[in-house]
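A.B. asks: In this note's numbering, the protein residues as written are 4 to 494. Ideal placement from N, C-alpha and C gives every residue a C-beta, glycine not left out.
In structure tokens, the structure reads:
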């Protein structure tokens with residue numbers, strides 16, 4: 004035990020960073036600094052807590068681990084610039100936090116809330132244990148615009164349809180963003196780990212070159228991405244956001260996922276642009292609705308902890324999914340023979356991210372044309388996305404599969420050819436990520452199997468060799484999916 008009494012004015016305040024790796028608009032940090040005590044800033048890499056694989060306590064995927072490593076390095080540098088130090092510890096989080104509290108004689112602990120069932124259980128247990136030992140513990144809202152339990156239907160239950168949820172949530176006020184602390188008082192010197200020893204970045208093999216080229220994780224990267232969106236992406240966002248062939252989306256999702264940027268900051272910046280006459284109302288409204296879809300996903304996760312593993316619609320429990328490892332492998336590697344699908348899956352593999360419209364196309368192709376259980380796709384996205392989110396990822400997969408809340412009906416089956424022709428009409432997106440089709444004319448780039456031998460030869464394409472033939476026939480696969488739906492009790 005530390006000789007310093009927790010009641011002493013010199014006893015430190017502990018800030019436990021989790022999914023909030025930033026200094027600006029960080030309520031837990033602001034709350035701790037308001038105590039007027041020397042701060043200890045802690046991050047715990049917890050890969051040991053029993054139950055990590057139970058609902059709500061999933062280990063990070065490979066791409067998210069890479070992002071975490073880069074974000075922690077950036078956060079440590081940002082903290083050092085204003086006089087502080089980020090302490091890194093590894094181990095079961097509850098044990099590590101208790102150890103730090105005991106070592107330093109901590110008087111109070113602050114953290115921003117999490118919403119996965121396992122994380123909630125850990126936080127509640129730790130809070131009760133610390134409080135019983137005389138340590139003041141305060142949790143804050145730093146991840147969402149509104150807490151999931153604050154929104155209820157007229158009957159008192161949770162929402163399952165987005166539009167009334169959005170209407171209710173958007174009617175509530177949102178607090179103003181909090182500033183970056185000007186200075187951090189030095190806290191007690193505590194031993195910590197070296198970030199390199201955590202080996203969050205891949206080494207042998209080093210597959211993260213595409214991620215490094217595409218992203219700048221960290222708070223500065225999040226601010227830069229937000230400014231870029233305000234300058235170039237917000238204008239025309241409502242009309243062009245479904246186009247993957249240009250910079251028409253915000254690309255803020257990985258920064259929101261890791262907390263390099265808060266949704267409060269994003270919403271405030273976009274609304275300020277509207278007030279200044281720098282953005283159209285419909286573009287702002289569409290972006291706002293996308294932020295609230297994220298809120299809706301967390302609302303679902305909070306009230307349905309098994310969102311990533313169990314169908315929200317129990318009727319799908321009897322659905323006759325196919326076990327087709329070859330189909331799954333071709334889909335994962337972008338070798339399905341359908342260019343828009345292959346472009347999306349290769350974008351994901353190279354950059355750790357995929358355009359949202361293309362995510363829906365790729366997910367629909369796996370679940371509907373392949374009859375592959377949506378959980379296989381959700382798990383692949385969890386491992387390969389830098390924005391792998393415990394709420395958005397499963398909620399969106401269930402939406403596409405038809406098994407989720409406010410889901411697209413199962414018979415809504417995206418045709419990858421027409422989707423490609425509609426949203427990538429010149430084939431620019433496909434040509435970038437599927438370069439073997441770069442020479443194909445625009446009217447055939449989304450369906451190269453319809454090209455004549457002469458056209459294929461001029462484009463340097465040999466179907467079945469340089470580019471695969473379609474893995475399934477669309478009409479037959481669509482009918483197979485609808486038949487499976489009918490046989491499982493669908494109407």
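Cβ atoms of residue 289 and residue 240: under 7 Å apart, would you say?
C.D. replies: Indexing the chain shown from 1 puts residue 240 at position 237. Indexing the chain shown from 1 puts residue 289 at position 286. Yes, the pair counts as a contact, with Cβ atoms nearer than the cut-off.
A.B. asks: Quick check on this structure: which residue in 387, 392, 421, 321 has the alpha carbon closest to the alpha carbon of residue 368?
C.D. replies: In the chain shown, residue 368 corresponds to position 365, counting from 1. The residue with the shortest Cα to Cα distance from residue 368 is 421.
A.B. asks: Quick one: residues in its chain with C-beta nearer than 6 Å to the C-beta of residue 480, no 5 flanking neighbours on either side, listed in chain order?
C.D. replies: If you number the chain shown from 1, residue 480 lands on position 477. Counting only Cβ-Cβ distances below 6 Å, and skipping sequence neighbours, we find 372.
A.B. asks: Count the other CB atoms, across all protein chains shown, that sit within 10 Å of the CB of residue 278; report buried if there are 16 or more and exposed otherwise.
C.D. replies: For the purposes of this step, residue 278 is taken as residue 275 along the chain shown, with counting starting at 1. With fewer than 16 Cβ atoms within 10 Å of its Cβ, residue 278 is classed as exposed.
A.B. asks: Output the distance between the C-alpha atoms of residue 284 and residue 243, rounded to the nearest integer angstrom.
C.D. replies: Counting from one through the chain shown, the residue named residue 284 turns up at place 281. Counting from one through the chain shown, the residue named residue 243 turns up at place 240. For residue 284 and residue 243, the distance between alpha carbons rounds to 15 Å.
A.B. asks: Would DSSP call residue 413 helix, strand or coil?
C.D. replies: For the purposes of this step, residue 413 is taken as residue 410 along the chain shown, with counting starting at 1. Coil, per DSSP.
A.B. asks: Contact defined as beta carbons within less than 8 Å: I believe residue 299 pairs with residue 165. What is the distance between those atoms, to the nearest angstrom?
C.D. replies: For the purposes of this step, residue 299 is identified with residue 296 of the chain shown, where counting begins at 1. For the purposes of this step, residue 165 is identified with residue 162 of the chain shown, where counting begins at 1. So it is a contact: roughly 5 Å between Cβ atoms.
A.B. asks: Taking Cβ positions, are residue 314 and residue 74 nearer each other than 7 Å?
C.D. replies: Residue mapping note: residue 314 aligns to position 311 of the chain shown, counting from 1. Residue mapping note: residue 74 aligns to position 71 of the chain shown, counting from 1. Not in contact: residue 314 and residue 74 (Cβ atoms no closer than 7 Å).
A.B. asks: Rounded to whole angstroms, what's the CA-CA distance from residue 394 to residue 455? Just pull it up for me.
C.D. replies: Residue mapping note: residue 394 aligns to position 391 of the chain shown, counting from 1. Residue mapping note: residue 455 aligns to position 452 of the chain shown, counting from 1. Answer to the nearest angstrom: the Cα atoms are 46 Å apart.
A.B. asks: Quick check: what's the CA-CA separation for residue 180 versus residue 238?
C.D. replies: By 1-based counting over the chain shown, the position of residue 180 is 177. By 1-based counting over the chain shown, the position of residue 238 is 235. C-alpha separation (whole angstroms): 23 Å.
A.B. asks: Ends of the beta strand (DSSP E) at residue 91?
C.D. replies: Translated into positions along the chain shown, residue 91 becomes position 88. Residues 89 to 93.
A.B. asks: Alpha carbons only, please: which of 31, 118, 83 is nearest the one belonging to residue 112?
C.D. replies: Your numbering for residue 112 matches position 109 in the chain shown. Among 31, 118, 83, the Cα nearest to that of residue 112 belongs to 31.
A.B. asks: What's the call for residue 492, buried or exposed, on a 16-neighbour Cβ count within 10 Å?
C.D. replies: The count along the chain shown starts at 1 and reaches residue 492 at position 489. Label assigned to residue 492: exposed.
A.B. asks: Below 8 Å on the Cβ atoms is my guess for residue 272 versus residue 229; work out the distance and round it to an integer in Å.
C.D. replies: To locate residue 272, count along the chain shown from 1; it is residue 269. To locate residue 229, count along the chain shown from 1; it is residue 226. About 6 Å separates the two Cβ atoms, so the contact holds.
A.B. asks: By DSSP, does residue 48 sit in helix, in strand, or in coil?
C.D. replies: Counted from its first residue, the chain shown places residue 48 at position 45. Looking at residue 48 - three-state DSSP - the assignment turns out to be strand.
A.B. asks: Taking only three categories from DSSP, how would you classify residue 140?
C.D. replies: Taking the chain shown and counting its residues from 1, the one referred to as residue 140 is at position 137. Residue 140: strand per DSSP, three-state reduction.
A.B. asks: Taking DSSP as the reference, what is the three-state secondary structure of residue 148?
C.D. replies: Locating residue 148 in the chain shown gives position 145, counting from the first residue. Three-state result, residue 148: coil.
A.B. asks: Residues in the same chain with beta-carbon distance under 8 Å from residue 453, minus the five sequence neighbours each way, listed in chain order, please.
C.D. replies: On the chain shown, position 450 is the one that residue 453 refers to. Excluding residues within five positions, the ones whose Cβ falls inside 8 Å are 447.
A.B. asks: State buried or exposed for residue 360, treating a residue as buried only when at least 16 other CB atoms are found within 10 Å of its CB.
C.D. replies: Counted from its first residue, the chain shown places residue 360 at position 357. Buried, because 16 or more other Cβ atoms sit within 10 Å of the Cβ of residue 360.
A.B. asks: So, is residue 474 buried or exposed, given that buried needs 16 or more other C-beta atoms within 10 angstroms?
C.D. replies: Position 471 of the chain shown, counting from 1, holds the residue named residue 474. With 16 or more other Cβ atoms within 10 Å, it is buried.
A.B. asks: Between 87, 147, 490, 99, which lies nearest to residue 115 when the distance is taken from Cα to Cα?
C.D. replies: To locate residue 115, count along the chain shown from 1; it is residue 112. Cα-wise, what sits closest to residue 115 is 147.
A.B. asks: What are the partner residues of residue 322, as DSSP defines its beta bridges?
C.D. replies: Numbered from 1 along the chain shown, position 319 holds the residue referred to as residue 322. DSSP lists no partner for residue 322.
A.B. asks: At a cut of 8 Å, does the segment 200 to 219 reach the segment 94 to 105 through at least three beta carbon pairs?
C.D. replies: The answer is no - the segment 94 to 105 does not touch the segment 200 to 219, with fewer than three Cβ pairs under 8 Å.
A.B. asks: Flag this pair as yes or no: are the beta carbons of residue 77 and residue 391 separated by less than 7 Å?
C.D. replies: Here residue 77 refers to the residue found at position 74 when the chain shown is read from its first residue. Here residue 391 refers to the residue found at position 388 when the chain shown is read from its first residue. No, the Cβ-Cβ distance between residue 77 and residue 391 is not below 7 Å.
A.B. asks: For residue 91 and residue 223, I'd like the C-alpha separation in whole angstroms.
C.D. replies: What you label residue 91 is simply residue 88 of the chain shown in a count that begins at 1. What you label residue 223 is simply residue 220 of the chain shown in a count that begins at 1. Rounded to the nearest angstrom, the two C-alpha atoms are 21 Å apart.
A.B. asks: Give me the Cβ distance between residue 257 and residue 334, rounded to the nearest whole Å; I'm assuming they're in contact under 8 Å.
C.D. replies: Against the chain shown, residue 257 aligns to sequence position 254. Against the chain shown, residue 334 aligns to sequence position 331. Contact flag wrong, Cβ pair sits at about 22 Å.
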